[in-house]
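Residue numbers (the numbering used here): 4 to 330. Ideal Cβ positions, reconstructed from N, Cα and C, are used throughout, including at glycine. So the structure is just underneath, and the comments pick up after that.
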């Protein structure tokens, strides 16, 4: 049987903002006795209990183990699952809050480090707040499928209950987007999110939430660069060499040479530099394209030093924006 003596410890099982009464939390006392007037801390918030009510709404002055009570007097809303602790005096409360803030700072720093880009892997940081463990698990399973070898969804924090100030602080520290499923915010939390530049998105349909995460992920997903070879020129002569520019004679042996094309210089089938076909000539005429198998003159622009026998490989690049799927 739980001890009724000593300072109370309890767990928040419900939390909301009442328009007339402000932050209201329901606490399930686990040990000790909770009393009106107690100085309490709940995570990052603190306050003095001004009023307590039992499950019937009747005002009470104390609550023992296993008794749920609604408490008023907190400075802001708490989160479901947070631990309530009673402190003997204001000095002790301030000391506890200072220590808690330091622990929170260390924790958030570790979160930030864990979410940093590693080994070329891009991440979208997400804080997930849900109404039940079942919905949390279903969403997490869907988000696990939103991944590629070089990208993943990183869960910075997951918890039950409404979006609270502590979630906004964690999101600011980690750069995460907060997603809520069947939960709420309040005016204080919304204002804090706006001031800190934190995105908070609430849904009550799972696939709509995961679709939104997918869209946010695709915004930061690096595009795939697809390179297409257009043609090759075999270098037959070097007519003039200047700084970062050469006049070259050669034969298009494959495909086509294009004015302005990006170019790799191949020597013994190995790349030794790159540049650009600044201009093309066929005979004495400036042209935009020369196809195989025809001779051409080329103004090559680039730092690479081209030699007779080298191959100029012309190519184009296309950015293809990648897609994810959670279904």
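(request) With DSSP as the reference, label residue 231 as helix, strand or coil. (result) As a first step, residue 231 must be located in the chain shown, where it is residue number 228. When secondary structure is reduced to three states using DSSP, residue 231 falls in the strand class.
(message) Residues in the same chain with beta-carbon distance under 6 Å from residue 76, minus the five sequence neighbours each way, listed in chain order, please.
(response) For the purposes of this step, residue 76 is taken as the residue at position 73 of the chain shown. Taking C-beta separations shorter than 6 Å and ignoring five residues to either side along the sequence, the partners of residue 76 in its chain run 50, 51, 52, 53, following chain order.
(request) For the beta strand (DSSP E) containing residue 206, list its first residue and its last residue. (result) Walking along the chain shown from the start, residue 206 turns up at place 203. Boundaries of the beta strand (DSSP E) around residue 206: 203 to 206.
(request) Please check the pair residue 157 and residue 128, which I expect to be a contact at CB under 8 Å, by giving their CB distance rounded to whole angstroms. (result) Counted from its first residue, the chain shown places residue 157 at position 154. Counted from its first residue, the chain shown places residue 128 at position 125. Residue 157 to residue 128, Cβ: 5 Å. Contact.
(message) Only counting the same chain, and skipping five residues up and downstream in sequence, which positions put a Cβ closer than 8 Å to that of residue 44?
(response) Counting from one through the chain shown, the residue named residue 44 turns up at place 41. Sequence-distant Cβ neighbours of residue 44 in its own chain, meaning closer than 8 Å and more than five residues away, are 87, 88, 90, 96, 99, 100, 103.
(request) Mind checking which residues open and close the beta strand (DSSP E) that includes residue 298? (result) By 1-based counting over the chain shown, the position of residue 298 is 295. Its beta strand (DSSP E) spans residues 298 to 304.
(request) Mind checking which residues open and close the beta strand (DSSP E) that includes residue 58? (result) Position 55 of the chain shown, counted from the first residue, corresponds to residue 58. Counting along the chain, residue 58 falls outside any beta strand (DSSP E), and DSSP gives it neither H nor E.
(message) I'd like the ranges of any beta strand (DSSP E) spanning at least 3 consecutive residues and lying wholly in the stretch 60 to 104.
(response) The qualifying runs are 71 to 77, 86 to 90.
(message) Under 8 Å, with one C-beta from each stretch per pair, do the stretch 191 to 208 and the stretch 144 to 164 reach the 3-pair mark?
(response) In this structure the stretch 191 to 208 does not touch the stretch 144 to 164; the number of beta carbon pairs closer than 8 Å is below three.
(request) Taking the CB atoms as reference points, tell me whether residue 291 and residue 227 lie closer together than 8 Å. (result) On the chain shown, residue 291 is found 288 positions in, with the first residue counted as 1. On the chain shown, residue 227 is found 224 positions in, with the first residue counted as 1. Here residue 291 is not near residue 227, since their CB atoms are 8 Å or more apart.
(request) Output the distance between the C-alpha atoms of residue 29 and residue 133, rounded to the nearest integer angstrom. (result) Here residue 29 corresponds to residue number 26 of the chain shown, with the count starting at 1. Here residue 133 corresponds to residue number 130 of the chain shown, with the count starting at 1. One C-alpha to the other measures close to 18 Å.
(message) By DSSP's criteria, residue 267 is part of a beta bridge. Which residues make up the other side?
(response) As a position in the chain shown, residue 267 is number 264, starting the count at 1. Residue 267 pairs with 277, 316.
(message) Considering only the alpha carbon of each residue, which of 64, 279, 59, 261 lies closest to residue 36?
(response) Residue mapping note: residue 36 aligns to position 33 of the chain shown, counting from 1. The shortest C-alpha separation from residue 36 is found at 64.
(request) Starting from residue 182, trace the beta strand (DSSP E) both ways and give me its first and last residue. (result) Looking up residue 182 in the chain shown gives position 179. Per DSSP, the unbroken beta strand (DSSP E) holding residue 182 starts and ends at 180 to 184.
(message) Quick test of your reading: residue 193 and residue 47, contact by CB under 8 Å. State the CB separation rounded to the nearest angstrom.
(response) Working through the chain shown from its first residue, we reach residue 193 at position 190. Working through the chain shown from its first residue, we reach residue 47 at position 44. Residue 47 and residue 193 do not touch by the CB rule: their CB atoms are close to 17 Å apart, not below 8 Å.
(request) Determine the extent of the beta strand (DSSP E) in which residue 125 is found, giving its start and end residues. (result) Taking the first residue of the chain shown as position 1, residue 125 is located at position 122. Start and end: 125 to 133.
(message) Could you give the first and the last residue of the continuous beta strand (DSSP E) run that contains residue 216?
(response) If you number the chain shown from 1, residue 216 lands on position 213. Element bounds for residue 216: not the beta strand (DSSP E) but the alpha helix (DSSP H), 209 to 223.
(message) If distances are taken between C-alpha atoms only, which option among 303, 135, 280 comes closest to residue 161?
(response) The residue labelled residue 161 in the question sits at position 158 within the chain shown. If we check each option's Cα against that of residue 161, 135 comes out closest.
(message) Quick check on the burial criterion: 16 or more other C-beta atoms within 10 angstroms. Buried or exposed for residue 319?
(response) Position 316 of the chain shown, counted from the start, is the residue given in the question as residue 319. Counting Cβ neighbours within 10 Å, residue 319 comes out exposed, since fewer than 16 surround it.
(request) Return the bridge partner residues of residue 54 from the DSSP annotation. (result) Position 51 of the chain shown holds residue 54. Bridge pairing for residue 54: 75 [DSSP].
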